[in-house]
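A.B. asks: When we follow my numbering, the leftmost residue of the sequence shown carries the number 173, and every step to the right adds one. C-beta: ideal position from N, C-alpha, C; glycine also. Let me give you the structure first, and then I'll get to my questions.
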Amino acid sequence: MRTPIIAANWKMHKTTAEAADFIGQLGSELKHDTVEVVICPPFPLLCRVNDVCREKGLRLGAQNMYWETAGAFTGEVSPMLLKDIGVQYVICGHSERRQLFGETDQQVARKVKAAFAAEIIPIICVGETLQQRQAEQTAAVVGEQITIALDGLDPSQVRRLVIAYEPVWAIGSGLAATGTDAGMVAQQIRKLIGEMYSLRTARDVRIQYGGSVKPNNILEFMSEPEIDGALVGGASLDATVFAGIVNAVSGARRE
Ligand code: 13P
173 MRTPIIAANW
183 KMHKTTAEAA
193 DFIGQLGSEL
203 KHDTVEVVIC
213 PPFPLLCRVN
223 DVCREKGLRL
233 GAQNMYWETA
243 GAFTGEVSPM
253 LLKDIGVQYV
263 ICGHSERRQL
273 FGETDQQVAR
283 KVKAAFAAEI
293 IPIICVGETL
303 QQRQAEQTAA
313 VVGEQITIAL
323 DGLDPSQVRR
333 LVIAYEPVWA
343 IGSGLAATGT
353 DAGMVAQQIR
363 KLIGEMYSLR
373 TARDVRIQYG
383 GSVKPNNILE
393 FMSEPEIDGA
403 LVGGASLDAT
413 VFAGIVNAVS
423 GARRE
C-alpha cells in the first residue's frame, strides 16, 4: 500500500516570518496522520522551516540542487548541503527549471543520482507542453523523460522515488487535467517503469499529479488508482487552502 504524498512547492514565495506563520497555522489545521506532507520552500527558508516542520511531523523538501558534492560552482547548492540541514526530498526537473533555465533530461538524471547518493528522495517532474499534448505526444514525451531520468538507478532506488506528472499547460493556469486523463498518464508511467524494472518495483513508486490542484479537485485525482498524491503550487501558499487539500485526502482514506 503506497502512502499518499502531498507536497507544497512554494516556488519563489514567502519570507521567513510568513513561512513560520504558515507552518504554525498548518499544524493546527492538519489531520494528516495517513498522508505524508512535504514542504518545499526556497533555499534561504529551509533551515527555519525545518525547525518548525519537525515539531509538526512534516517533511522538508528542496526545489532544486546541483549534482556535484562540492567545488567551484558559484551560486549552486549541493545535495550534501541539503542533507546536512535536514532535507528529505528534492524536486528534480520541474518544468519551470526545464523551460526557464534550460535544464535537460540528462541534467535531471544526474541530479536524481546525486540525490540518492546523499540519501535524499527525488521528486522527478515530468509532463508535456500544450503543443505536445495537441500533437498527441504526451506518452512519448513523458516516456522519454522517465527513461532518461531513471537510467542507471537500481530497483531499490526506483521503489523509493516519487514521480510528479505535471502537464505544463496545467501549471498555474487554473486549468487542471481531468482525473481520467492524469490517471491514464500515471498508468502509462507505472507500466513503463514495470517494463524497465519489474512490476513489483513499479508497484511501489509513488506518482503525484501536479497542475492547478485545489481542495475542490484533489479527490478527483486521488480517486485514480495510479495517483498517490499531488505536487501543489499556488494552492500551497495559503495554510488553510493547503490544509484543505491534505485533509480531503486523509479524510477520504479513513472512509
Ligand atoms: P500550480 O498548483 O500553481 O498549478 O503549480 C503546480 C506546480 O508547478 C507544482 O510544482
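May I ask you to report which of helix, strand or coil DSSP gives E208?
C.D. replies: strand
A.B. asks: Put G199 into one of helix, strand or coil per three-state DSSP.
C.D. replies: Residue state, collapsed to three classes: helix.
A.B. asks: From the DSSP output, in three-state form, read off P339 for me.
C.D. replies: If DSSP states are grouped into helix, strand and coil, P339 belongs with coil.
A.B. asks: List the DSSP bridge partners of I320.
C.D. replies: Paired residues: none, contrary to the question.
A.B. asks: Judging by CA-CA distance, which residue of N389, F194 and I257 is the nearest neighbour of D410?
C.D. replies: When only C-alpha atoms are compared, the closest one is F194.
A.B. asks: Looking at P294 and L333, is the spacing between their C-beta atoms short of 7 Å?
C.D. replies: yes
A.B. asks: Determine the closest residue to V249 out of F215, E392 and R372, with distance taken between C-alpha atoms.
C.D. replies: F215
A.B. asks: Count the other CB atoms within 10 Å of the CB of K203; is the residue buried (16 or more) or exposed (fewer)?
C.D. replies: exposed
A.B. asks: Please classify N388 as buried or exposed, where buried requires at least 16 other C-beta atoms within 10 Å of its C-beta.
C.D. replies: exposed
A.B. asks: Kindly provide the ranges of any alpha helix (DSSP H) runs that are 4 or more residues long and lie completely inside the stretch 327 to 409, ordered along the chain.
C.D. replies: 327 to 332, 351 to 368, 371 to 376 and 390 to 394
A.B. asks: Which of the three DSSP states is assigned to V262 in this structure?
C.D. replies: strand
A.B. asks: Let me check understanding here. Comparing Cα to Cα, which of C297, A192 and L302 lies closest to I320?
C.D. replies: C297
A.B. asks: Return the CA-CA distance between A289 and M394, expressed in angstroms with no decimal places.
C.D. replies: 31 Å
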